[in-house]
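Engineer:
In this note's numbering, the protein residues as written are 422 to 921.
What follows is the structure in structure tokens.
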């Protein structure tokens, strides 16, 4: 069945769910026809710039394609690439009751937490299936995050019938990209190269291979229908649109150009319609890969702004002749933008000399930059041109966003102290539950407190807290700095680190 989200009417993620629905049924995908949301999204980078893997040599030369009655056959292309397309099967255990102390009645709402946070219900084992493709002969596989994010077990089946257990190397929920590593892979598996999605033109032929409805190695073909589609799936939408047939189960499968290069990863479709599918561009995937391979997570540069497009009416109201740019609608307190002197009603026109034509364009410009990097921001203020130097921060996870821990951080570290944490809008890690009799309770931690420093390490996210707690020496008294929501002052707490 198509995995449609109740709050989004038209678009569906493409993971196939043959049994019970997995907890994360795909990315939060918006209606293609819906009006843009109010300008409250904070600006962040889709993927910090790193040395992208070089574009590999194409596997296939279209000049040698076969012919059937004067019509070019794609059979040679299919034969060249289908061995690298895989079926991804996932299984998740039922969620069970947590042993953590529940928040008192009304406290979850007071702190902006979901009702019953930390609780887990009983239910049958959950299963799902999607697609993927091998990008390295050693057994490195790309797929969608929504295929594997809730999985306890992942098994990958190749076109030739071989099957391997897999581990998740890294995930990025905001772009719906995940990286898998096949266990005990022989090292000579068929692989396909990532191509240059920027070189793809509207009208160019493309081909999709995947496992729709569990039908392995199904092939469809079409054209690139459009570029840079914003389907309200997330803050970094820049999808390729195609009319190649894409269905549930195609999630994570490749979209090929006619040279056998992957130019996109099939991700979403318009529910109730045919011929409208969306794929994550390969150029974005290439930018994510270094971090996913190295740490398993993507850290993004952050300005700390709320921005919106510069419309003709806004330009007239601001007394500007410019018609393109990103209007600063809000500046987060204590953010890199505020520290650099950015103000509301500033119109950002370029970042490091790269023109900014819209709010989304600003997001994508910052996407090319690393946290802690120094950038030049050109803007219009009161009709005059100015330039500011901004040192980017690291984008915090926002409320409702899933935090992915680095591979070298232990997810159980906060649990060892008997505390459960979640993200906050202003940075830090908020305590939402404390286990009775735990080191956290003995140290005076209570639900609602926000952890802002562990030892000498500043805490901006749950993953920061997990890393700091993991590196703490067992038996030591760990100094924590905390604050209560709405308070600027901080308190000190000492917690004994238990033996592992």
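We put the CB at the ideal spot given by N, CA and C, even for glycine. None of the values given here were measured: they were computed from a predicted structure.
1) Opposite residue 687 in the DSSP bridges: which residues?
2) Give me the Cα-Cα distance between residue 649 and residue 658, rounded to the nearest whole angstrom.
3) Exposed or buried, residue 868, counting other C-beta atoms within 10 Å across all chains shown (16 or more means buried)?
4) So what's residue 662 in DSSP terms, helix, strand or just coil?
5) Which of helix, strand or coil does DSSP assign to residue 909?
6) Using DSSP with H/G/I as helix, E/B as strand and the rest coil, what is residue 722?
7) Thinking just about the alpha-carbon of each residue, which of 681, 553 and 597 is nearest to the one in residue 614?
8) Closest to residue 548 by C-alpha separation, out of 580, 513, 607 and 897, would be which residue?
9) Straight-line CA distance for residue 692 to residue 670?
10) Applying the criterion that 16 or more other CB atoms from any shown protein chain within 10 Å of the CB defines a buried residue, is residue 943 buried or exposed?
11) By a C-beta neighbour count over all protein chains shown, 10 Å radius and 16 as the cutoff for buried, is residue 503 buried or exposed?
12) For residue 899, which residues from the same chain have a beta carbon less than 8 Å from its beta carbon, with the 5 sequence-adjacent residues on both sides left out?
13) Any idea if residue 784 is buried or exposed, counting beta-carbon neighbours within 10 angstroms, 16 or more meaning buried?
14) Which parts of the stretch 845-875 are runs of the beta strand (DSSP E), unbroken and 3 residues or longer, counting only runs that do not cross its ends?
15) Please say whether residue 642 and residue 628 have beta carbons closer to each other than 8 Å?
16) Using 8 Å as the threshold, is the C-beta distance between residue 872 and residue 887 below it?
17) Taking only three categories from DSSP, how would you classify residue 676?
18) Can you tell me whether residue 423 is helix, strand or coil according to DSSP?
19) What residue range is occupied by the uninterrupted alpha helix (DSSP H) comprising residue 785?
20) Which term fits residue 581, buried or exposed, when burial requires 16 or more other beta carbons within 10 angstroms of its beta carbon?
21) Taking 8 Å as the threshold (C-beta atoms), are residue 511 and residue 569 in contact?
22) Here's the rule I'm using: 16 or more other beta-carbon atoms within 10 Å means buried, otherwise exposed. How should residue 760 be labelled?
23) So for residue 791, helix, strand or coil by DSSP?
24) Identify the residues that DSSP records as bridge partners of residue 810: which are they?
25) Between 558, 594 and 560, which lies nearest to residue 571 when the distance is taken from Cα to Cα?
26) I'd like the list of long-range same chain contacts for residue 697, defined as Cβ closer than 8 Å, with 5 residues on each side in sequence excluded.
27) Residue 902 to residue 883, Cα distance in whole Å?
28) Going by DSSP in three states, residue 682 sits in which element: helix, strand or coil?
29) According to the Cβ coordinates, are residue 787 and residue 731 closer than 8 Å?
30) Suppose contacts are defined by Cβ-Cβ distances below 8 Å. Is residue 509 in contact with residue 560 by that definition?
31) Start and end of the alpha helix (DSSP H) containing residue 763?
32) Give the DSSP-derived three-state secondary structure of residue 502 in the structure shown.
33) Could you have a look at residue 638 and say whether DSSP puts it in helix, strand or coil?
34) Output the distance between the C-alpha atoms of residue 652 and residue 870, rounded to the nearest integer angstrom.
35) Tell me the rounded alpha-carbon separation between residue 381 and residue 859.
36) Could you check where the beta strand (DSSP E) with residue 626 kicks off and where it finishes?
Structural biologist: In brief:
1) As a first step, residue 687 must be located in the chain shown, where it is residue number 266. DSSP, once it has assigned bridges, lists 700 as partnering residue 687.
2) Taking the first residue of the chain shown as 1, we reach residue 649 at position 228. Taking the first residue of the chain shown as 1, we reach residue 658 at position 237. So the alpha carbons of these two residues sit roughly 7 Å apart.
3) Locating residue 868 in the chain shown gives position 447, where the first residue counts as 1. Burial call: buried.
4) As a working mapping, residue 662 is identified with position 241 in the chain shown. Residue state, collapsed to three classes: strand.
5) To locate residue 909, count along the chain shown from 1; it is residue 488. Coil, per DSSP.
6) Reading the chain shown from its first residue, position 301 is the one you call residue 722. Note: residue 722 maps to strand in three-state DSSP.
7) One-based indexing of the chain shown puts residue 614 at position 193. Nearest option by C-alpha distance: 681.
8) Here residue 548 is taken as the residue at index 127 of the chain shown, counted from 1. Here the closest residue by C-alpha is 513.
9) Here residue 692 corresponds to residue number 271 of the chain shown, with the count starting at 1. Here residue 670 corresponds to residue number 249 of the chain shown, with the count starting at 1. Their backbone Cα atoms lie some 14 Å apart in a straight line.
10) Residue numbering for the chain in the displayed model covers 422 to 921; residue 943 lies beyond these limits and cannot be assessed.
11) The count along the chain shown starts at 1 and reaches residue 503 at position 82. Buried is the call here.
12) By 1-based counting over the chain shown, the position of residue 899 is 478. Same-chain partners within the cutoff: 875, 876, 890, 893, 915, 916, 917 and 918.
13) Along the chain shown, read from residue 1 onward, the residue named residue 784 stands at position 363. Buried.
14) 850-855 and 871-875
15) To locate residue 628, count along the chain shown from 1; it is residue 207. To locate residue 642, count along the chain shown from 1; it is residue 221. Yes.
16) Numbered from its first residue, the chain shown carries residue 872 at position 451. Numbered from its first residue, the chain shown carries residue 887 at position 466. Contact: no.
17) For this step, residue 676 is matched to residue 255 along the chain shown. Three-state result, residue 676: strand.
18) Taking the first residue of the chain shown as position 1, residue 423 is located at position 2. For residue 423, the predicted model reports a pLDDT of 36, less than 50, meaning its position is unreliable and no value from the coordinates is stated.
19) What you label residue 785 is simply residue 364 of the chain shown in a count that begins at 1. First-last of the alpha helix (DSSP H) with residue 785: 780-788.
20) Residue mapping note: residue 581 aligns to position 160 of the chain shown, counting from 1. Under this definition residue 581 is an exposed residue.
21) Here residue 569 corresponds to residue number 148 of the chain shown, with the count starting at 1. Here residue 511 corresponds to residue number 90 of the chain shown, with the count starting at 1. Contact: yes.
22) By one-based count along the chain shown, residue 760 stands at place 339. Residue 760 comes out exposed.
23) For this step, residue 791 is matched to residue 370 along the chain shown. Reduced to three states, the DSSP call for residue 791 is coil.
24) As a first step, residue 810 is located in the chain shown; it is residue number 389 there, counting from the start. Residue 810 pairs with 797.
25) To locate residue 571, count along the chain shown from 1; it is residue 150. The option with the nearest alpha carbon to residue 571 is 594.
26) Residue numbering aside, residue 697 sits at position 276 when the chain shown is read from its first letter. These residues qualify, in order along the chain: 453, 646, 662, 664, 690 and 691.
27) Within the chain shown, residue 902 is the residue found at index 481, counting from 1. Within the chain shown, residue 883 is the residue found at index 462, counting from 1. Distance between the alpha carbons of residue 902 and residue 883 is about 15 Å.
28) Locating residue 682 in the chain shown gives position 261, where the first residue counts as 1. In this structure, residue 682 counts as coil in the three-state DSSP scheme.
29) Within the chain shown, numbered from 1, the residue matching residue 787 stands at position 366. Within the chain shown, numbered from 1, the residue matching residue 731 stands at position 310. Cβ distance not < 8 Å, so residue 787 and residue 731 don't count as in contact.
30) The sequence position of residue 509 within the chain shown is 88, counting from 1. The sequence position of residue 560 within the chain shown is 139, counting from 1. No, the Cβ-Cβ distance between residue 509 and residue 560 is not below 8 Å.
31) The sequence position of residue 763 within the chain shown is 342, counting from 1. Taken as a continuous stretch (DSSP letters only), residue 763 belongs to no alpha helix (DSSP H), as it is neither H nor E.
32) As a first step, residue 502 is located in the chain shown; it is residue number 81 there, counting from the start. Note: residue 502 maps to helix in three-state DSSP.
33) Against the chain shown, residue 638 aligns to sequence position 217. In this structure, residue 638 counts as coil in the three-state DSSP scheme.
34) Stepping through the chain shown from its first residue, residue 652 is reached at position 231. Stepping through the chain shown from its first residue, residue 870 is reached at position 449. Cα to Cα, residue 652 sits roughly 37 Å from residue 870.
35) There is no way to answer for residue 381, as the model of the chain reaches only from 422 to 921.
36) Stepping through the chain shown from its first residue, residue 626 is reached at position 205. Per DSSP, residue 626 belongs to the beta strand (DSSP E) from 626-631.
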